[in-house]
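One structure below.
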Amino acid sequence: MGILNKLLRLIALGLAVLLLTADRLPEDTAWGMWHYTALSLPVRLVVACLLVALAAGPINDAIRRGVANLWNRLPGRSRPHLWFAALALVSGVLFWVLRIQHLRWGDAEFIVKALAYTGADRPIWTIYNWQAPLTIYLHAQLWLLLNPLTGVSVGTLYATTSVLAGVGFVYILLNLSDCLGRDRLEKATICGLVATTGSIQLFAGYIENYSIMSTGVLLTLYLALRCFRHEVSPAWPSLTLAVANAFHPSTIVLWPALLYLGWWLSRKPTHGDNRLLKVWLRLILPPVLVFLGLALFMTAGGHSPLAMLQDDRPGGADGIPFVPLFAVTTEWQRYTMFSLAHMIEWANEHFLISPFGLVLLAGAFARLTVRRMRGTTLEQSKGDDDGGIAAFLIIASAAYLLLTFVWNPDYGMRKDWDLFAPSAFVYTLLAGYAWMRSQDSESPARRLSLARTATLVIVASALHTAAWIHYNTIPW
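Each residue of the sequence shown is one higher than the last, beginning at 260 in the working numbering.
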């Protein structure tokens, strides 16, 4: 068993310990695991025992054999997309049944009140708002249309679109994992890691502006992957990301990765043709056209792009977007950039949204670096596109992680956890991909160890997220 697999098993067993001791920790500095305390002690004991049991080989093997036998007996395995669609629909039912039952996080309470206001002095930004243009407009118009007929609330509309976005997310994730993995183990591991992130809460009837854009982020990654394989035009991931920008501008951080895709596609232009020009036109035209269309649309509604410099400026209530370097100067700032308080908040955020993601990412890349220094290379069964995909995901993950570190959450990271939650989908995908590519797939013993560790990690992550979703089903 490699060092990374041993470390991951220790972390999974550490989760079992935290399940039993979280209520003895101070909530303010351990909020990333505080949702464990919503479980009764008997439930926490059962979950902890399950994790310990999974660390043992025989029980772990029995569970994997059971899952494999179930898969082998499924009819229509030659048409996996039908099963992907079925699983996505089932996930939608679960998302709805387990939907959030409070308005504690982010701007949920403010959004519900603002969009339901019907006074003659209703502000224009409750319909046209540059901070989440299409998201706000969609829900405002749905409420204005459906509320008089059905009495449906703004919260219910947000919950519905959240679940629908989740159905799309799961379907895209299954297809993405199917493309990215080289065999069943890799596909299942990549899918399992992303599907069990704490950020999945965004699809459980979540009331905020981050659900639809998260599905757009994953669709961008999927289409970019297919673009690296020369299966689709670069216009498609570019258009998808441009539309995601229109739903929420925080997704702009993915453009460096898309620009890398453009460079990768055009790095070997064929002599005598316009390949370079075509690639960059297909990459650049979609965001330009989408922004122009959005600007015209918002201007027609009385809220031109100039509003981004006024009422809708980035940076929240104080108009200061970044965590201060040296001193806190407003009530909307909590700490300075490199203070211990910021580090604790950042660690809690990423433990909540992806308990294994950053450790797995660091460990996998350390192993890849060692292998490269020793002169060994990764098995690449799908050609040199694998190197491009890895670099693309690294750039996307680095940009999103940088955003989570430097951007100032007005309410503090705990209340504003959802602002940074989509980052977990990106870097956990990279972590799973790098983990699989860092392993020796030719050694049966190492492959068995990898399968056992992957099962333990995915189950531990799923239990962590299940506790988080349960925590949010409790009304406040």
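Here a beta-carbon is modelled for each residue, glycine too, at the ideal position from N, C-alpha and C.
Keep in mind it's a predicted model, so treat the numbers as computed, not measured.
Beta-carbon proximity list for residue i, same chain, < 8 Å, skipping 5 on both sides
i	result
Leu612	Per the sequence shown, residue 612 should be read as Ile rather than Leu. Counting only Cβ-Cβ distances below 8 Å, and skipping sequence neighbours, we find Thr456, Gly457, Ser458, Trp676, Phe679, Ala680, Ser682 and Ala683.
Ala516	Ala483, Phe651, Leu652, Ile654, Ala655 and Ala658
Gly561	Ile383 and Tyr387
Val618	Leu266, Leu267 and Ile270
Gln400	Ile386
His729	His294, Ala297, Leu298 and Leu357
Thr595	Val582, Pro583, Leu584, Phe585, Ala586, Val587 and His601
Ala418	Trp355, Arg358, Ile359, Gly464, Tyr465 and Ile466
DSSP three-state assignment for residue i, whether helix, strand or coil
i	result
Trp204	Residue numbering for the chain in the displayed model covers 260 to 735; residue 204 lies beyond these limits and cannot be assessed.
Phe581	strand
Trp666	strand
Ala690	helix
Asn319	helix
Val685	helix
Thr455	coil
Ile431	helix
Ala463	coil
Thr385	helix
Leu397	helix
Phe556	helix
Met596	coil
Ser337	coil
Ala373	helix
Ala391	coil
Asn227	There is simply no residue 227 to check, as the chain begins at 260 and stops at 735 in what is shown.
Ala731	The question names Ala, yet the displayed sequence has Asn at residue 731. DSSP places Asn731 in helix when its eight states are reduced to three.
Tyr481	helix
Val411	coil
Chain-order list of residues whose beta-carbon lies under 6 Å from that of residue i (same chain, five-residue window excluded)
i	result
Leu709	Gln698
Leu627	Ser697
Ala621	none
Pro564	Ala554
Thr288	Ile603
Asn406	none
His361	Pro734 and Trp735
Leu329	none
Cβ shell of residue i (< 7 Å), same chain only, five flanking positions each side left out
i	result
Asp577	Thr589 and Trp591
Val491	Leu482 and Arg485
Gly642	Confidence at Gly642 is low in this model, with a pLDDT of 49, below 50, so the placement of that residue should be treated as unreliable; the coordinate-derived value is given next. None.
Pro493	Cys486, Leu520, Gly521, Leu524, Val538, Arg541 and Leu542
Tyr430	Phe343, Ala344 and Ala347
Arg303	Leu278, Leu279 and Tyr295
Pairwise C-alpha distance: residue j and residue i
i	j	result
Glu286	Glu604	12 Å
Ala600	Phe610	15 Å
Leu346	Ala566	42 Å
Leu404	Ala559	20 Å
Leu555	Leu408	30 Å
Val311	Trp290	24 Å
Tyr465	Arg534	43 Å
Leu548	Leu444	41 Å
Ala693	Ala623	6 Å
Pro583	Ala344	46 Å
Leu553	Val502	10 Å
Asp282	Leu568	45 Å
Met292	Ser720	12 Å
Leu715	Asp380	56 Å
Leu498	Leu722	36 Å
Leu452	Gly378	46 Å
Gln460	Leu313	25 Å
His340	Thr280	42 Å
Ile370	Asn607	26 Å
Leu274	Arg593	28 Å
Residue environment, residue i, which counts as buried when at least 16 other CB atoms sit within 10 Å
i	result
Asp571	buried
Gly646	exposed
Met602	exposed
Pro546	buried
Trp364	buried
Ala726	buried
Glu638	Because the pLDDT at Glu638 is just 46, under 50, the model does not fix this residue reliably, and the value given afterwards should be weighed accordingly. Result: exposed.
Tyr686	buried
Met632	exposed
Lys446	buried
Thr420	buried
Asn319	buried
Ser640	Confidence is the limiting factor: at Ser640 the pLDDT is only 42, short of 50, which leaves the residue's position unreliable, though a coordinate-based value still follows. It counts as exposed.
His262	Strictly speaking, residue 262 in this sequence is Ile, with His absent from that position. So Ile262 ends up on the exposed side.
Phe704	According to the sequence shown, residue 704 is Ala rather than Phe. Ala704 is exposed by the Cβ-count criterion.
(Q) Does the structure place the region 659-673 close enough to the region 434-447 that three or more beta carbon pairs sit under 8 Å? (A) Taking 8 Å as the limit for Cβ pairs, the verdict is that the region 659-673 does not touch the region 434-447.
Exercise. Count the C-beta pairs between the region 342-358 and the region 413-432 that are closer than 8 Å, then say yes if the count reaches three, no if not.
Key: yes
* Stretch-stretch touch, CB-based, cutoff 8 Å, three pairs: the region 490-507 with the region 467-476 -> yes
- Query: Can at least three beta-carbon pairs, one atom from the region 394-402 and one from the region 325-342, be found at a separation below 8 Å?
  - Reply: Verdict: no, contact absent.
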